[in-house]
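For reference, each letter of the sequence shown is one residue, going 55 to 143 in our numbering.
All C-beta atoms in this analysis are idealised placements derived from N, C-alpha and C, irrespective of residue type, glycine included.
Predicted, not measured: the structure shown is a model, and the values here were computed from it.
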Amino acid sequence: MSYSDTIKSYIVREFVPDITTDDLADDYDLIANGVVDSLGLLRLISWLETTFSIPVDDIEINEQDFVTVTAICGFIDRAASTTDIAKAA
55 MSYSDTIKSY IVREFVPDIT TDDLADDYDL IANGVVDSLG LLRLISWLET
105 TFSIPVDDIE INEQDFVTVT AICGFIDRAA STTDIAKAA
């Protein structure tokens, strides 16, 4: 399973259970479209930290890192290149 598939599964399960992962495009704006709000963003970051062993405290993050599934995958790749994390995909 790829990062994208793992992330989509989580987002659908936690935020939009009435759709399937196939319905969620990688470039769909999760924030602008109200899928993820500020509390949801905190939940998503916490899940990423746990799932991908990302030490979020050690990485500079901003909202744009979580706008789309593609952006989240980029964040994970960036975290992997700047820290010694175990890739979990």
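Close Cβ partners of residue i (< 8 angstroms) along its chain, the five nearest in sequence each way excluded
i             : result
isoleucine 73 : Val66
Given residue i as reference, the closest of the options once Cα atoms are compared
i              : options                       : result
glutamate 114  : Thr105, Thr122, Ile99         : Ile99
aspartate 119  : Asp112, Arg132, Gly88, Phe69  : Arg132
asparagine 116 : Ala134, Ser92, Asn87          : Ser92
asparagine 87  : Phe69, Ser135, Glu103, Ala134 : Phe69
Residue i vs residue j beta-carbon contact at 8 angstroms
i            : j             : result
aspartate 76 : threonine 122 : no
lysine 62    : leucine 84    : no
Per-residue DSSP class, three states only, for residue i
i             : result
tyrosine 57   : helix
valine 123    : helix
isoleucine 65 : helix
threonine 75  : helix
alanine 86    : coil
glycine 128   : helix
aspartate 81  : coil
valine 110    : helix
alanine 140   : Here the model assigns alanine 140 a pLDDT of 46, short of 50, so the residue's position is not dependable, and the following value carries that caveat. The answer is coil: DSSP assigns alanine 140 none of H, G, I, E or B.
Own chain, CB closer than 7 angstroms to residue i, minus 5 neighbours either side, in chain order
i              : result
tryptophan 101 : Tyr64
valine 110     : Ile99, Glu103
Endpoints, the alpha helix (DSSP H) within which residue i is located
i             : result
isoleucine 99 : 92 to 105
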